[in-house]
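Protein chains: 2
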Amino acid sequence: MDFLRSITSKKALEIILGFPCTPDIEIVGIDDALNRVLAEDIISEEDIPPFSRSLVDGFAVKAKDTYGAKETNPRFVNIKGEVKIGETTQLEVEDGECVRVSTGSMIPRGADGVVMQEYARYLLDSIEITRVIHKGENICFIGDDFKKGDKILEKGKRLGYFDLGVLASIGISNIKVYKRPLVGIISTGDEIVGIDESPKPGQIRDINRYTLAGLFKREGFIVIHSGIARDNPEDILNKIKLIDDADIMLLSGGSSKGERDYIMESIKELGGEIFFHGINIKPGKPTIFARLGDKPLFGLPGHPGSCIMVAIRFVLPLLKLLEGEKIQGHGKSIFSGILTANVPSSVGVEECVDVTVERGKEGIFVTPLFAKSSVISSFTKASGYIIVPEEKEGYEKGEVVEVYTF
Amino acid sequence: MDFLRSITSKKALEIILGFPCTPDIEIVGIDDALNRVLAEDIISEEDIPPFSRSLVDGFAVKAKDTYGAKETNPRFVNIKGEVKIGETTQLEVEDGECVRVSTGSMIPRGADGVVMQEYARYLLDSIEITRVIHKGENICFIGDDFKKGDKILEKGKRLGYFDLGVLASIGISNIKVYKRPLVGIISTGDEIVGIDESPKPGQIRDINRYTLAGLFKREGFIVIHSGIARDNPEDILNKIKLIDDADIMLLSGGSSKGERDYIMESIKELGGEIFFHGINIKPGKPTIFARLGDKPLFGLPGHPGSCIMVAIRFVLPLLKLLEGEKIQGHGKSIFSGILTANVPSSVGVEECVDVTVERGKEGIFVTPLFAKSSVISSFTKASGYIIVPEEKEGYEKGEVVEVYTF
């Protein structure tokens, strides 16, 4: 039985993430940089903000001139002038003086705080200040965001919307990023038909092509599809050749012994190397990982639930690596919750169970759905999954478990 | 002071989500349907799977013929034939008989369970079964996924990758979805320059254009930008007209009284209606919400931190509504954590504080960053934010708080 040779999920991930990756680099405009992975450290060549700015509408003063000020005992300072938004100024605030500023205005020299207009009453050419401010209050100082020479974003970071703001702030409109891997998907199986066909008795429609593509596209990868390969090495070979510009190859549909055999045969025929076949997990046991030339190849189980779970847990991390992403806290769940039912499992197999999550007054409640891996419908109701480790004989109702979101 | 007229965040959201929305419908192919919102209920016209299938490689039997079987006391059944993957069969399993099946094969009539090949030993034309199976074991029955007539996806649902699988399984390749709203962004401010320009003293680069666009694009919306409007009603009017095919208009940069005045003047001049200006939140107080013709318009604060927080909390929910999405549990956080530091706040203002989140042995720890809203850098370090309600004078270290992720 080839299943005897199956390895642990930890070992599998170790082998997968040990695959040698040398992503190519390209330059994209900032408008296309969302979700791309930085191929260089970003160092600021300027102080940001480049000048001290007012955070409010009001009056720039020396903070000490407000000490003791209150509604019933205001302090007075003379208005020396105004700094409008966007303009530079030569004004200097001296003792007993203030300069009118708007939100975003440059702070004139000498001032070290801004009194909000709500706490200032106009007299003729002076104001009454009715509240104390401390030194630095309502000012964003030069370099508060970044100082010249600061490393502000690190190579290997996937750019989120805040990162785009950071790049904009220092004027970087073209960004060196890693090329996104092209994911090639081949559906295999004599029983599989395209979704526009009417399945004859014994046949079913191709599901994995769409769940896999959706998962990868959501993460920003590009997906191509070869069409459906029949269960023979010749057709599998043809389909592999059809999409040989892909950076990674996924063959979905090797759940039966026969299908796995054809996939293994094809890999060998093309001079590939098989690293493992069989992971000690449920669902997802009949998973193959191999090398074809310098590209990784997965043989994924055919059951829709098994296929997507393996893609989430084992393919996605490799894709991120192929794109040069520095993964922090890989495989960590974000939160935990309390089980509302027993989750039986067998010792010796690591089991994934899809769950719904609900917030109650006493915490987060996690309800197992126990979907058959052949059934896709229950996954649409799930918000995530939990993992029962190999050495555990399930979890009991009331236990706290880590939740991984979809 | 116009701030006296500011309203609570709850009231603001109520007004915003009360905006009349009648999204248009279009048809997209399944390859383009990820993250789109369904404009119709999806009813299955078939049983899925359309026939009972084997979940394993093995032998289809009558379960009762395995009762009592164990390694030391196997039960025997005769092999009647085989059902290959993808083919139909006329075979019928009778008492004392079995039919060889592969994973995905049609289950022959009469069988109600499948013995995995690991628990069967071949004899000449029969097998020894070494383990009991229960009725239904290792079979995915006809209709297990959906029954004909089942409502399988609901109008208003945003399609995830599992949903694409469900649509594929019933052969739906063209899908009625709502048109995605076109988001128009106008950056305003005399101090703002484009990111390819060198800011003169007193000027800074446009940040909000990129953080806003990134946020909305990540959620699947389409964004257009008018360029930068100077702080006068005429230029603001021109820029609004430039992008008048947008379904929603966002003017970023009304943090100073002057800027807000110009925006309000422009809205009034175009015959618009202002619903509120000022929300009792920090950051984000100087927010304007209005109607221009039949389109919603936001005046967003200029500070990058304030701008993006208002976009996340107030603009995004409206965008989803404009796209016809049925939002479940809107504004709910997913998890809670323990504060590692005091979070001071003023009674009477609802305060958002960006935080980092770390999993420890004793739970999830939440550390406030206390970024100035004018500073974008600290947001790149944050994983989410917490909200201190209006009526609370802050949180204390050790308190459990809800976390909203970015």
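As they're listed, the protein sequences go chains V and B.
All residue numbers for the first sequence refer to numbering that gives the first Met the number 0, where the first residue is 0 and numbers rise by one.
All residue numbers for the second sequence refer to numbering that gives the first Met the number 0, where the first residue is 0 and numbers rise by one.
Note that the Cβ used here is the ideal one computed from N, Cα and C, for glycine as well.
This structure is a prediction, so every number in the text was calculated from the model and none was measured.
Check                                                                                                                                                                                                       : Outcome
Suppose you measure from the CA of LYS69/B to the CA of SER5/V; what does that come to, to the nearest Å?                                                                                                   : 24 Å
On the three-state DSSP scale, how would you describe THR187/B?                                                                                                                                             : strand
Measuring CB to CB, does ALA38/B end up less than 8 Å from ILE24/B?                                                                                                                                         : yes
Does the beta carbon of VAL92/V come closer than 8 Å to any beta carbon on chain B?                                                                                                                         : no
What residues of chain V sit near GLU86/B, judged by a beta carbon separation below 7 Å?                                                                                                                    : GLY201
Can you pull out the residues from the segment 157 to 184 of chain B whose beta carbon lies closer than 9 Å to at least one beta carbon of chain V?                                                         : LEU158, GLY159, TYR160, PHE161, ASP162, LEU163, GLY164, VAL165, LEU166, ALA167, SER168, ILE169, GLY170, ILE171, SER172
What do you reckon, is the C-beta of VAL352/V under 7 Å from a heavy atom of the ligand ADP?                                                                                                                : The model depicted lacks the ligand ADP and carries no ligand whatsoever.
In three-state terms, what does DSSP make of VAL113/B?                                                                                                                                                      : strand
Would you report the Cα separation of CYS20/B and LYS331/V, rounded to the nearest angstrom?                                                                                                                : 40 Å
Chain V partners of ARG108/B, CB-CB under 9 Å?                                                                                                                                                              : Result: empty, since nearest Cβ-Cβ is about 12 Å, beyond 9 Å.
From SER8/B, ASN34/B, VAL399/B, pick the residue whose C-alpha is nearest to that of TYR209/V; which is it?                                                                                                 : ASN34/B
Taking the continuous alpha helix (DSSP H) assigned at ARG99/B, which residues delimit it?                                                                                                                  : Taken as a continuous stretch (DSSP letters only), ARG99/B belongs to no alpha helix (DSSP H), being part of the beta strand (DSSP E) at 96 to 100.
Go through the segment 133 to 210 of chain V residue by residue and report every complete run of the alpha helix (DSSP H) that reaches 4 residues or more, in order.                                        : 160 to 168
Tell me whether the segment 117 to 135 of chain B and the segment 55 to 67 of chain B touch, counting them as touching only if at least three CB pairs, one residue from each stretch, are closer than 8 Å. : yes
Rounded to the nearest angstrom, how far is the Cβ of ALA167/V from that of ARG157/B, given a contact under 8 Å?                                                                                            : Their Cβ separation, rounded to whole angstroms, is 29 Å, which puts ALA167/V and ARG157/B out of contact at 8 Å.
Does the beta-carbon of LEU3/V have 16 or more other beta-carbons within 10 angstroms, so that it is buried, or is it exposed?                                                                              : Bear in mind that the predicted position of LEU3/V carries a pLDDT of just 47, short of 50, making it unreliable; the figure below should be weighed with that in mind. With fewer than 16 Cβ atoms within 10 Å of its Cβ, LEU3/V is classed as exposed.
Using the Cα positions of GLN202/B and ILE132/V, report the straight-line distance between them to the nearest angstrom.                                                                                    : 26 Å
Identify each residue in the segment 13 to 43 of chain B for which the Cβ-Cβ distance to at least one residue of chain V is less than 8 Å, and report them in chain order.                                  : ILE29, ASP30, LEU33, ASN34
Please list the partners that SER417/B has in chain V, where partner means a Cβ-to-Cβ separation under 9 Å.                                                                                                 : Chain B is shown only over 0 to 405; residue 417/B falls outside these bounds and no answer can be derived.
Which word fits GLU121/B, buried or exposed, when buried means at least 16 other C-beta atoms lie within 10 angstroms of its C-beta?                                                                        : A small correction: the amino acid at residue 121/B is Tyr; Glu does not occupy that position in the sequence shown. Under this definition TYR121/B is an exposed residue.
Give the straight-line distance between the Cα atoms of MET0/B and SER335/B, rounded to the nearest whole angstrom.                                                                                         : At MET0/B, the pLDDT of 39 sits below 50, so the modelled position is not reliable and the matter cannot be decided from this model.
Determine the chain V residues that contact PHE50/B at a beta-carbon separation under 7 Å, and present them in chain order.                                                                                 : PRO200, GLY201
With a cut-off of 8 Å, does the C-beta of ARG358/V fall near any C-beta of chain B?                                                                                                                         : yes
Answer with buried or exposed for ASN72/B, where buried requires no fewer than 16 other C-beta atoms within 10 angstroms of its C-beta.                                                                     : exposed
Would you give the residue range spanned by the alpha helix (DSSP H) that PRO73/V belongs to?                                                                                                               : That residue, PRO73/V, is in no alpha helix (DSSP H); it is neither H nor E in DSSP.
How big is the Cα-Cα spacing for LYS325/V and GLY103/B?                                                                                                                                                     : 39 Å
Please name the residue or residues paired with ILE118/B in a DSSP beta bridge.                                                                                                                             : The question names Ile, but residue 118/B in the sequence shown is Tyr. In DSSP, TYR118/B forms no bridge with anything.
I need the straight-line Cα distance from GLY112/V to ASN207/B, nearest angstrom please.                                                                                                                    : 26 Å
Give a yes or no on whether the minimum CB-CB distance between MET0/V and chain B is below 8 Å.                                                                                                             : For MET0/V, the predicted structure reports a pLDDT of 39, less than 50, and the residue's modelled location is therefore unreliable. A value from the coordinates is still provided. True, the Cβ-Cβ gap to chain B drops below 8 Å.
Mind checking which residues open and close the alpha helix (DSSP H) that includes CYS20/B?                                                                                                                 : Counting along the chain, CYS20/B falls outside any alpha helix (DSSP H), and DSSP gives it neither H nor E.
Do the segment 238 to 251 of chain B and the segment 179 to 198 of chain B make contact, defined as three or more Cβ pairs closer than 8 Å?                                                                 : yes
Helix, strand or coil for PHE369/V? Go by DSSP, reduced to three states.                                                                                                                                    : coil
Considering only the alpha carbon of each residue, which of VAL314/V, ILE169/V, VAL348/V, GLU13/V lies closest to ILE41/V?                                                                                  : ILE169/V
Starting from SER376/B, trace the beta strand (DSSP E) both ways and give me its first and last residue.                                                                                                    : Neither: SER376/B is in no beta strand (DSSP E) and is coded neither H nor E.
What in chain V is Cβ-close to GLU190/B, meaning under 7 Å?                                                                                                                                                 : ILE84, GLY85, GLY103
Just how far apart, CA to CA, sit VAL387/B and ASP195/V?                                                                                                                                                    : 52 Å
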